[in-house]
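Residue numbers (the working numbering): 127 to 456.
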């Protein structure tokens with residue numbers, strides 16, 4: 127064997143060994159039960175989408191036949207659920223929910239955490255934030271809401287979840303501010319979950335609800351609630367095609383939120399890659415697509431790198447917005 131041939135043979139052998147080692151180091155799959163931690167109580171959009179992801183992962187056999195438990199840890203503007211992930215650092219059998227509201231809570235000073243420590247693994251849904259009232263309310267449109275609050279900013283009690291300064295709070299505060307309402311003196315009642323907010327609205331304890339489409343639209347279909355406006359830039363499809371945006375009603379503001387998943391701190395590239403691949407397949411599953419559309423969302427898929435890029439850029443803009451709206455905790 128001449129020298130060049132011998133060098134080539136050795137190089138090929140080393141390459142094969144390297145490829146095998148790389149394959150071993152880059153592969154990870156579940157060997158135990160998966161726990162999906164939600165920082166909310168059951169019933170809201172976060173819960174609905176989490177259960178949809180749970181169903182798709184199981185139906186598509188993407189979690190190696192392992193069971194998946196949804197664990198509710200509401201409270202503390204999301205800090206309790208993140209603490210659960212922190213206690214399971216390095217363990218990819220644990221998942222958490224990433225939501226734009228989390229960035230708002232950080233910007234408002236309610237959540238003392240750096241989301242860079244909790245890698246977002248995928249964004250799955252672009253959500254539609256809405257404002258609604260009971261069907262028997264005298265308020266028929268967003269402009270009438272603005273008129274009422276401009277006359278007396280404390281005249282209406284507004285319900286949001288899961289906390290003051292959350293995405294549901296910001297999505298109504300932003301357009302009201304643009305319309306000239308004194309948002310710092312609004313009467314805003316926080317609830318642990320939007321399902322509780324809706325219960326308070328139907329029970330007459332609050333006058334206005336700001337929540338996502340999955341919470342509001344079923345009550346619209348039941349004839350119990352009237353939608354005043356959507357915070358999306360354009361109208362949605364299906365039932366949401368009948369919902370006017372704030373912009374259509376002369377108020378140049380919108381606020382889009384995203385829903386996805388994150389992992390505990392100290393994840394390996396292999397662990398992130400497993401969940402990226404699994405959730406990409408979920409994002410293409412017909413049942414998942416139907417669920418998102420039914421609940422007024424827009425299905426999206428952003429992998430770890432894209433989600434991280436979004437998170438960093440969005441945190442900066444939300445910081446500025448929260449400061450502008452005077453929602454920072456003292």
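We put the CB at the ideal spot given by N, CA and C, even for glycine.
Predicted, not measured: the structure shown is a model, and the values here were computed from it.
DSSP beta-bridge partners of residue i
i, result
"residue 197", "163"
"residue 285", "315, 335"
"residue 244", "Residue 244 pairs with nothing; no bridge assigned."
"residue 432", "Its beta-bridge partners do not exist; DSSP assigns none."
"residue 384", "252"
"residue 219", "The partner list for residue 219 (beta bridge, DSSP) is empty, contrary to what the question assumes."
"residue 225", "385"
"residue 365", "Answer is none; residue 365 lacks a bridge partner."
"residue 370", "DSSP lists no partner for residue 370."
Residue closest to residue i, alpha-carbon to alpha-carbon, out of the options
i, options, result
"residue 427", "450, 304, 387, 393", "387"
"residue 451", "301, 158, 252", "301"
"residue 370", "171, 393, 339, 389", "339"
"residue 410", "173, 162, 158, 186", "186"
"residue 212", "190, 422, 241", "241"
"residue 171", "228, 337, 280", "337"
"residue 351", "263, 408, 206", "263"
"residue 389", "163, 155, 154", "163"
"residue 305", "293, 198, 271, 402", "271"
"residue 161", "169, 174, 194", "194"
"residue 196", "174, 215, 190", "174"
"residue 168", "266, 446, 201", "201"
"residue 268", "435, 355, 438, 418", "355"
"residue 158", "192, 422, 165, 312", "192"
"residue 442", "229, 206, 166", "229"
"residue 188", "439, 433, 408, 422", "408"
"residue 156", "401, 447, 434, 445", "401"
"residue 380", "432, 358, 392", "358"
"residue 294", "206, 422, 317", "317"
Three-state secondary structure (DSSP) of residue i
i, result
"residue 392", "coil"
"residue 445", "helix"
"residue 411", "coil"
"residue 178", "helix"
"residue 213", "coil"
"residue 354", "strand"
"residue 470", "The shown model of the chain, from 127 to 456, leaves out residue 470, and the question about it has no answer."
"residue 340", "helix"
"residue 359", "coil"
"residue 418", "helix"
"residue 275", "helix"
"residue 230", "helix"
"residue 453", "coil"
"residue 157", "coil"
"residue 299", "helix"
"residue 268", "helix"
"residue 347", "helix"
"residue 172", "helix"
"residue 307", "coil"
"residue 261", "coil"
Whole-Å CB distance - residue i paired with residue j, under 8 Å assumed
i, j, result
"residue 183", "residue 399", "Rounded, the Cβ-Cβ distance is 16 Å, inconsistent with contact."
"residue 314", "residue 290", "6 Å"
"residue 384", "residue 251", "7 Å"
"residue 234", "residue 448", "5 Å"
"residue 208", "residue 239", "6 Å"
**OP:** Tell me, please, whether the segment 311-328 touches the segment 281-297 by the rule of three or more beta-carbon pairs shorter than 8 Å.
**Re:** yes
Original post:
Taking one C-beta from the segment 172-179 and one from the segment 404-417 each time, how about it: are there three or more such pairs within less than 8 Å?
Top reply: yes
Subject >> Sufficient close CB pairs (3 or more, under 8 Å) joining the segment 219-228 to the segment 241-252 >> reply: yes
Original post:
Touching or not, the segment 257-269 and the segment 341-360, by the rule of three or more beta carbon pairs under 8 Å?
Top reply: yes
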